[in-house]
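One structure is given here, and the rest of the page talks about it.
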Amino acid sequence: MCVFFQEGIEAEKKAISFFSKLRNELQTDKPILALSDQQPDTQIWNQYLDYQKTLLSNGEEPSWFRSPWLYVECYMYRRIQEGMCLSPPISGFDVFEDVKKESFFQSQPAMLSLCAHLQELKGKMSGFSNTEVREEIHKLLQVSLWGNKCDLSISGGQDNSQKTSVLSSLEDFKAFILVDDMDSLWNILLRNRDGNNESRTRVDIVLDNAGFELVTDFILADAMLSLNLATEVHFHGKVGPWYVSDTTKHDYDWTIQKCLATNNKWMSKCGQTWKENLKKGRWVYHQHLFWTLPHEYCTMAEVAPDLYTELQKSDLVLFKGDLNYRKLTGDRKWDYTVPFSEALRSFHPAPLCSIRTLKADVQVGLQEGVGERLSAAETDWMISGKYGVIQFSPVV
Ligand SMILES: O=P(O)(O)OC[C@H]1O[C@](O)(CO)[C@@H](O)[C@@H]1O
Ligand SMILES: [Mn+2]
Numbered sequence: 001m002c003v004f005f006q007e008g009i010e011a012e013k014k015a016i017s018f019f020s021k022l023r024n025e026l027q028t029d030k031p032i033l034a035l036s037d038q039q040p041d042t043q044i045w046n047q048y049l050d051y052q053k054t055l056l057s058n059g060e061e062p063s064w065f066r067s068p069w070l071y072v073e074c075y076m077y078r079r080i081q082e083g084m085c086l087s088p089p090i091s092g093f094d095v096f097e098d099v100k101k102e103s104f105f106q107s108q109p110a111m112l113s114l115c116a117h118l119q120e121l122k123g124k125m126s127g128f129s130n131t132e133v134r135e136e137i138h139k140l141l142q143v144s145l146w147g148n149k150c151d152l153s154i155s156g157g158q159d160n161s162q163k164t165s166v167l168s169s170l171e172d173f174k175a176f177i178l179v180d181d182m183d184s185l186w187n188i189l190l191r192n193r194d195g196n197n198e199s200r201t202r203v204d205i206v207l208d209n210a211g212f213e214l215v216t217d218f219i220l221a222d223a224m225l226s227l228n229l230a231t232e233v234h235f236h237g238k239v240g241p242w243y244v245s246d247t248t249k250h251d252y253d254w255t256i257q258k259c260l261a262t263n264n265k266w267m268s269k270c271g272q273t274w275k276e277n278l279k280k281g282r283w284v285y286h287q288h289l290f291w292t293l294p295h296e297y298c299t300m301a302e303v304a305p306d307l308y309t310e311l312q313k314s315d316l317v318l319f320k321g322d323l324n325y326r327k328l329t330g331d332r333k334w335d336y337t338v339p340f341s342e343a344l345r346s347f348h349p350a351p352l353c354s355i356r357t358l359k360a361d362v363q364v365g366l367q368e369g370v371g372e373r374l375s376a377a378e379t380d381w382m383i384s385g386k387y388g389v390i391q392f393s394p395v396v
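For the sequence shown, our numbering assigns the number 1 to the initial residue and increments by one for each residue that follows.
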């Protein structure tokens, strides 16, 4: 047998045995272990574990069932990464790559209709009034919101793709948007449209899932540039596999390439434009270790000051998805009516907005009585992904 082939088989066995031990640790509430790989973030994770220990009294050990869910869930994905790192030569393998690709292909009809919509829009936008532009951007913000239903961690990696065109359902879905701050975003973006030619508006998108959601984000970013609402869009992705479907650099490039190479003229045109945007610096891709740490965002200025400074350059930061919301609010049991800006605590690098479907039991900034009314009617309203928010906070 070829020596490389044999090495690969051995590495695979090693990784599988690591994962079965990991599953057992999780299922039997074993103590949280320090990481043993040598990655750039290993020390930060181990320091975070030490910090978790300080939160417990009488020398108790943090364990899987007795630690904050946000921490433990992030830790689980980091341990999966550890299992791969310790299994060379397959260390760089993305264990979720197949399901991410599958989800992209499953959603293709829905993506095609969005690409066609965008190209059609571009064909007629030169005569658009501000009211018409506002309406269009509102539509695409909602498309990007509902795109967040399609994550693969909620479905345990099972097919959760978008089968139908979202555009035709937007009106029906409106009733499920619990916080709609789209006009606050519009006011920021309008400044660019109404400003002189030299004005610059930078929008940042902290990405969430690859597949359908990523394409909705690309469509939104493309429209913001084309409609003269922004001059540059900066994307932030993950350094490695995370929460099954989160976007890595490879997913980002792969998605643009796949769109470009597809046998559909609208989608292929989109792919071409997106590639050019990157080349010309109108789109910029960033990655930072901080996004795959367990830390709440109110610690960013201290833990990742370079990233905080980068976000401060933005006119508007869009945080996609549920996990970002949990990290923004610290995944606390806030009262439903606490203002979003208060739940962010000291995290105010730039005007920001969460675009998220509800999949975890944290929600702030609701009108009096709304949370209680929903709880009485639907026990799973916070975790089903049926409801969404487009929730804005200015710099305070
Ligand atoms: O991709 P998103 O929107 O961040 O969702 C991830 C969410 O999925 C879950 O893993 C399971 O619902 C949540 O814990 C997490 O917040
Ligand atoms: Mn995700």
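For each residue, glycine too, the CB sits at the ideal point set by N, CA and C.
The segment 33–53 and the segment 197–207 do not touch, with fewer than 3 CB-CB distances between them shorter than 8 Å. Among the bridge pairs identified by DSSP, Trp-283 is matched with Val-233. In the three-state reduction of the DSSP assignment, Phe-212 falls in the helix class, which pools H, G and I.
Sorting Ile-355, Pro-88, Leu-22, Glu-60 by C-alpha distance to the C-alpha of Ile-9 places Pro-88 at the top. A straight-line Cα-Cα distance of about 12 Å links Gln-52 and Leu-70.
Taking the C-beta atoms as reference points, Met-382 is found no nearer than 8 Å to Ala-350. Of the candidates Thr-247, Ser-245, Cys-270, the residue whose Cα lies closest to the Cα of Gln-257 is Cys-270. CA-CA distance, Leu-278 to Gly-237, rounds to 15 Å. In the three-state DSSP reduction, Arg-202 falls in the strand class (E or B).
Of all C-beta pairs linking the segment 157–170 to the segment 120–131, fewer than three are shorter than 8 Å, placing the two stretches out of contact.
In the structure shown, Gln-108 adopts helical secondary structure according to DSSP, grouped into three states.
Note on Lys-13: under 16 other CB atoms within 10 angstroms of its CB, so exposed under the neighbour-count rule. In the DSSP assignment, Pro-31 is bridged to Ser-63. Distance from the CA atom of Arg-66 to the CA atom of Asp-306, rounded to whole angstroms, is 33 Å. Here the distance from the Cβ of Arg-282 to the nearest heavy atom of ligand 1 is not below 7 Å. Closest by C-alpha distance to Arg-23, out of Leu-55, Glu-73, Ser-57, Asp-41, is Glu-73.
In this structure, Asp-208 keeps its C-beta atom at 8 Å or more from the C-beta atom of Gly-281. The three-state reading of DSSP puts Gly-388 in strand, counting E and B together. Here Val-396 is exposed: its Cβ has fewer than 16 other Cβ atoms, across all protein chains shown, within 10 Å. Assignment of beta strand (DSSP E) within the segment 148–174, counting only whole runs of 3 or more residues, yields no such run.
A straight line joining the alpha-carbon of Ala-116 with that of Ser-169 spans about 16 Å. Among the bridge pairs identified by DSSP, Cys-353 is matched with Leu-318, Phe-392.
By the Cβ neighbour-count rule, Leu-140 is buried, with 16 or more other Cβ atoms within 10 Å of its own.
Rounded to the nearest angstrom, the gap between the Cα atoms of His-295 and Phe-319 is 15 Å. Counted as a single uninterrupted DSSP element, the stretch harbouring Val-303 is not any beta strand (DSSP E) but the alpha helix (DSSP H) occupying residues 300–303. In the displayed model, Val-72 falls within a helix according to three-state DSSP. Shortest Cα-Cα distance from Asn-264 to any of Gln-43, Asn-58, Thr-54, Gln-108 involves Gln-108.
Taking 7 Å as the cut-off, one finds at least one heavy atom of ligand 1 near enough to the beta carbon of Asn-209. Segment contact: the segment 237–246 against the segment 338–352, fewer than three CB-CB distances shorter than 8 Å; contact not assigned. Within the chosen limit of 7 Å, ligand 1 reaches the beta carbon of Asp-322 through at least one heavy atom.
When Cβ pairs closer than 8 Å are counted between the two stretches, the segment 180–196 is seen to touch the segment 220–230, the count reaching three or more. For Ala-343, the distance from the CB to the nearest heavy atom of ligand 1 is not below 7 Å. Met-76 has its alpha-carbon roughly 12 Å from the corresponding atom of Phe-18. Per DSSP, reduced to three states, the secondary structure at Val-179 is strand.
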